[in-house]
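Undergrad: Mind having a look at this structure? Questions to follow.
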Amino acid sequence: MAGCATNLIYLFLILGLAAPTLATEYMVGGSVGWSLDANLQLWLNGKTFKVGDVLVFNYDPKLCNLVQVDITGYSTCLPTNILYIDDSGKTTITLSKAGVFYYISSLFNTCLDGLKITITVL
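Under the numbering used here, the first residue of the sequence shown is numbered 318, with each subsequent residue one higher.
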């Protein structure tokens with residue numbers, strides 16, 4: 318009987334370790350969305366992004382867009398090496414791998430004015 322109880326404990330431990338973690342959906346910028354009105358650095362505080370999480374960028378496509386760039390594009394606000402671009406007004410990005418990802422708006426001077434964000438995925 319003790320062997321059966323031990324086997325059940327092992328089974329529960331294995332199932333607990335193998336259980337998938339649920340992805341979190343993040344509205345970038347909170348209720349303000351992807352805009353110059355958002356305090357993106359404050360919004361980032363305390364957030365840990367994991368593979369499988371989803372970023373939702375809501376924005377006015379007449380005022381800004383969403384561009385994934387490399388570190389140089391992020392630093393200079395020049396989208397010279399575009400990895401992804403969207404101007405639909407609602408962009409959903411599933412974080413599919415660990416790493417550091419850079420997003421800017423390339424319309425007008427929005428990036429220079431602060432509409433850019435770095436997302437680190439664990």
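Note that the Cβ used here is the ideal one computed from N, Cα and C, for glycine as well.
Taking Cβ to Cβ, would you say lysine 414 is nearer than 9 Å to phenylalanine 374?
TA: Not in contact: lysine 414 and phenylalanine 374 (Cβ atoms no closer than 9 Å).
Undergrad: Helix, strand or coil for leucine 328 per DSSP?
TA: Because the pLDDT at leucine 328 is just 41, under 50, the model does not fix this residue reliably, and the value given afterwards should be weighed accordingly. Helix, per DSSP.
Undergrad: For lysine 433, which beta-bridge partners are listed by DSSP?
TA: Ile421
Undergrad: Looking at phenylalanine 418: is its Cβ nearer than 9 Å to the Cβ of threonine 435?
TA: yes
Undergrad: Quick check on alanine 340: buried or exposed, where buried means 16 or more other Cβ atoms within 10 Å of its Cβ?
TA: exposed
Undergrad: For threonine 365, report the span of its beta strand (DSSP E) as first-last.
TA: First-last for threonine 365: undefined, no H or E at that position.
Undergrad: Are threonine 389 and asparagine 398 close, meaning C-beta to C-beta below 9 Å?
TA: yes
Undergrad: Considering only their Cβ atoms, is the gap separating glutamate 342 from valine 371 smaller than 9 Å?
TA: yes
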